[in-house]
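K.L.:
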Amino acid sequence: MSTRDLYTSGRQDLTWQVPATGAARFSWEYDEGRERLLNLYQKGKDKQWDGARRIDWDLEVDPLDPLGTPDEAMSIYGTRYWDRMSAAERGELRKHYTSWQFSQFLHGEQGAMVCAARIVESVPDLDAKFYSATQTMDEARHAEIYGRFLHEKIGMLYPINDNLQALLGDTLRDSRWDMPYLGMQVLIEGLALAAFGMIRDTTDKPLPKQILAYVMQDEARHVAFGRMALRDYYKQLTDAELREREEFVIEGCYLMRDRLRGVEVLTNFGIPLKEAEECSERSEYLQLFRQLLFSRIVPCVKDIGLWGKRLQQAYVDMGVFEMGDSNLDQLMAQDEEIAEKLDAERFAAEEHERVAEVSEAIASGAADA
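Be aware that the sequence shown starts at 6, since it is given in the working numbering, and climbs by one per residue.
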């Protein structure tokens, strides 16, 4: 079945072309590199994994309750629209919301793959090119996994959200080599990490938990890469150049905040756009969700040296200024630990089952003898 047949919008255009700008940069310096970045590159090589093998795709998923989402998380919960729905219709709503969320994850991962490839092309330093090459492979794996989950387990896709597409376009059209870092590594990846983490930590469904935990283990390295590269580079910029990048961050954060409504889902259920937006704005769950989504972005922006008054005021207006003091390294370490713990639990159980099967076979053979 073609992906086109799975989109909620039947006229979805399956291609998008963004004109390339900027120079491809080569470096003939092969002997020197930043030790911490080369260490991250080594870790990127060591941590490669196969999504077809590491994830247990035999786990069943109920398309009408893929994440175990509580009623209160539905933006129309408590409204007349919710009250009129049957149990089957509410299940269908959960399916659409999960499809919408994971479709944006999928589109974002393809964007990350393209941006990582663009960084390989445009960044001047060879050590950064090395790491970006490993990230390109990581992002390809993530897109593969989210695509498989949507095709095989949900059976439905949503088109890319307009605001996400706008931010991707702005990131890719900019000729400055640091902008794919800033747009993708800091903003889009930071947002994705927070969204992944919230679902990972609240779902009781094993397959999406596995997917999100393993993807987040990779993404923790990607954000660390962006921080290293940009922190070094932004120390060299003038105040005017820093302000330009802060303006980009402000616009991008507002775009992403507005992206998170999911009103496309509600309009597909016949709810007028204005009412869908009002329901989303009033939802206490979505308000908390949208605020937590900046928990990875704000401390990263502050860490790389973008912290002017206008940017600080924007975060005050969004209600996320205090997150600038979050311990980003601790959050990333937790992402690593959760994935490793999940591996240990899964593969220990599988090993126990294999030992039991062998023991049973030995016992059966002895009885027959």
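Using N, Cα and C, we set each Cβ at its ideal position, and we do this for glycine too.
Can you grab the Cα-Cα spacing for the pair Tyr-82 / Leu-45, in whole Å?
P.N.:
So the alpha carbons of these two residues sit roughly 45 Å apart.
K.L.:
In terms of DSSP beta bridges, what is Leu-162 paired with?
P.N.:
According to DSSP, which records beta bridges pairwise, Leu-162 is partnered with Tyr-12.
K.L.:
Only counting runs of 4 or more residues, tell me where the alpha helix (DSSP H) segments fall wholly within the stretch 243-274, in order along the chain.
P.N.:
Here the runs fully enclosed are 244-264 and 268-273.
K.L.:
What is the DSSP secondary structure of Leu-192, counted as helix, strand or coil?
P.N.:
Looking at Leu-192 - three-state DSSP - the assignment turns out to be helix.
K.L.:
So Thr-139 is in the alpha helix (DSSP H); what residue range does that whole segment cover?
P.N.:
Element bounds for Thr-139: 131-153.
K.L.:
Under the three-state reduction of DSSP, which class applies to Asn-168: helix, strand or coil?
P.N.:
Asn-168: helix per DSSP, three-state reduction.
K.L.:
What three-state label does DSSP hand Arg-301 in the structure shown?
P.N.:
The answer is coil: DSSP assigns Arg-301 none of H, G, I, E or B.
K.L.:
If you run the structure through DSSP and keep just helix, strand and coil, what is Leu-311?
P.N.:
DSSP places Leu-311 in coil when its eight states are reduced to three.
K.L.:
How many Å lie between Gln-317 and Thr-243 at the Cα?
P.N.:
Computed Cα separation, rounded: 19 Å.
K.L.:
By Cβ distance, which residues of its chain are closer than 6 Å to Asp-132, with the 5 residues on each side in sequence left out?
P.N.:
The answer, listed in chain order, is Gly-38, Arg-39, Leu-42 and Leu-43.
K.L.:
Does the distance from the C-beta atom of Pro-213 to that of Leu-98 stay below 7 Å?
P.N.:
Contact: no.
K.L.:
Tell whether a beta-carbon distance below 7 Å holds between Arg-226 and Ile-309.
P.N.:
Contact flag unset, no.
K.L.:
Use the C-beta contact count for Arg-58: other C-beta atoms within 10 angstroms, 16 or more gives buried, fewer gives exposed.
P.N.:
Classification for Arg-58: exposed.
K.L.:
Under three-state DSSP, which class holds Thr-176?
P.N.:
Note: Thr-176 maps to helix in three-state DSSP.
K.L.:
In whole angstroms, what separates the C-alpha of Gly-152 from that of Leu-297?
P.N.:
The straight-line gap from Cα to Cα measures roughly 25 Å.
K.L.:
Can you give the beta carbon distance from Cys-120 to Met-189, rounded, assuming they're within the 8 Å contact cut?
P.N.:
That belief holds up - the Cβ atoms of Cys-120 and Met-189 are roughly 4 Å apart, short of 8 Å.
K.L.:
Is the stretch 159-172 touching the stretch 255-263, taking contact as three or more C-beta pairs under 8 Å?
P.N.:
Yes, they touch.
K.L.:
Gly-397 to Lys-314, Cα distance in whole Å?
P.N.:
Outside the displayed range of the chain (6 to 374) lies residue 397, so it cannot be described from this structure.
K.L.:
Compute the Euclidean distance between the alpha carbons of Ser-369 and Tyr-219, then round it to the nearest angstrom.
P.N.:
So the alpha carbons of these two residues sit roughly 39 Å apart.
K.L.:
Considering only the beta carbon of each residue, do Trp-182 and Val-128 sit closer than 7 Å?
P.N.:
Yes, the pair counts as a contact, with Cβ atoms nearer than the cut-off.
K.L.:
With burial defined as no fewer than 16 other Cβ atoms inside 10 Å of the residue's Cβ, what is the status of Gln-215: buried or exposed?
P.N.:
Gln-215 is buried by the Cβ-count criterion.
K.L.:
Which first and last residues belong to the alpha helix (DSSP H) in which Gly-113 is found?
P.N.:
Counting along the chain, the alpha helix (DSSP H) containing Gly-113 begins and ends at 92-127.
K.L.:
I'd like to confirm something about Asp-67: is its beta-carbon nearer than 6 Å to some heavy atom of the ligand HEM, or not?
P.N.:
In terms of ligand content, the structure shown is empty, and the ligand HEM therefore cannot be addressed.
K.L.:
Lys-52: which of Lys-346, Gln-140, Leu-64 and Phe-154 sits nearest, CA to CA?
P.N.:
Comparing Cα-Cα distances from Lys-52 to each of Lys-346, Gln-140, Leu-64 and Phe-154, the minimum goes to Gln-140.
K.L.:
Excluding the five sequence neighbours on either side, which residues of its own chain have a C-beta within less than 8 Å of the C-beta of Ala-229, listed in chain order?
P.N.:
Answer for Ala-229: Leu-45 and Met-337, listed in chain order.
K.L.:
Suppose the cutoff is 7 Å on Cβ atoms and the five residues either side in sequence are ignored; what does the same chain contact list for Gly-113 look like?
P.N.:
Once the five neighbours on either side are set aside, the close Cβ partners of Gly-113 are Leu-169, Ile-193 and Ala-197.
K.L.:
I need the DSSP call for Thr-207, collapsed to helix, strand or coil.
P.N.:
Residue state, collapsed to three classes: helix.
K.L.:
With a threshold of 8 Å, are at least 3 pairs of Cβ atoms found where one atom belongs to the stretch 299-306 and the other to the stretch 277-288?
P.N.:
Verdict: no, contact absent.
K.L.:
Grab me the residues of Thr-26's own chain with a C-beta within less than 8 Å of its C-beta, minus the 5 sequence neighbours each way, in chain order.
P.N.:
Closer than 8 Å at Cβ, skipping near neighbours: Arg-178, Asp-179 and Ser-180.
K.L.:
I need the boundaries of the alpha helix (DSSP H) containing Leu-72, first residue and last residue.
P.N.:
Segment: none, Leu-72 is in no alpha helix (DSSP H) and carries neither H nor E.
K.L.:
Here's the rule I'm using: 16 or more other beta-carbon atoms within 10 Å means buried, otherwise exposed. How should Gln-335 be labelled?
P.N.:
Answer is exposed; the Cβ neighbour count stays below 16.
K.L.:
If I follow the unbroken alpha helix (DSSP H) through Glu-65, where does it start and stop?
P.N.:
Note, Glu-65: premise wrong, no alpha helix (DSSP H); not H, not E.
K.L.:
Report the rounded CA-to-CA distance for Arg-287 versus Arg-89, giving the unit in angstroms.
P.N.:
Cα to Cα, Arg-287 sits roughly 19 Å from Arg-89.
K.L.:
In angstroms, rounded to a whole number, what distance separates the CA positions of Asp-340 and Ala-122?
P.N.:
So the two alpha carbons sit approximately 24 Å from each other.
K.L.:
Quick one: measure Cβ to Cβ for Val-306 and Val-191, integer angstroms, because I've assumed they're closer than 8 Å.
P.N.:
Rounded, the Cβ-Cβ distance is 6 Å, consistent with contact.
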